[in-house]
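Here is the structure we will look at, set down as structure tokens.
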Amino acid sequence: MLEDKDVGVRQAVVASLADVQSASATAALHKALEDPVPEVSFAAAKALWARHDPAGRAALLAVLEKESKAFIRFFFRQKREACA
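Read in order, the letters of the sequence shown correspond to residues -14 to 69 in my numbering.
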């Protein structure tokens, strides 16, 4: 079901897997990290982080870093336009 075309289905699967404490559920969450839809991969990262899995932590830090860089670029662009 992690390959379903419906994003909502994939999100529901990840949410369900978050509650299952097994090696196969963890493996499926690792696969969900590669989902092209950010909401699905982010939910998988949160679930893995809650399990103290290093892949979840790394994925969440990557999201934070991207958002921080995007915010910094936005801030400096706004500042540059205000000074022009």
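The C-beta atom is built at its ideal place from N, Cα and C for all residues, glycine as well.
- Looking at the backbone, the Cα of ALA(-3) and that of GLU66 are separated by about 43 Å.
- With contacts defined by Cβ atoms closer than 7 Å, ALA17 and LEU49 do not form a contacting pair.
- Inter-residue distance for TRP34 and HIS15 is about 11 Å (C-alpha atoms, whole angstroms).
- The beta-carbon distance between ALA44 and ALA30, rounded to whole angstroms, is 4 Å. This is short enough to meet the 8 Å contact definition.
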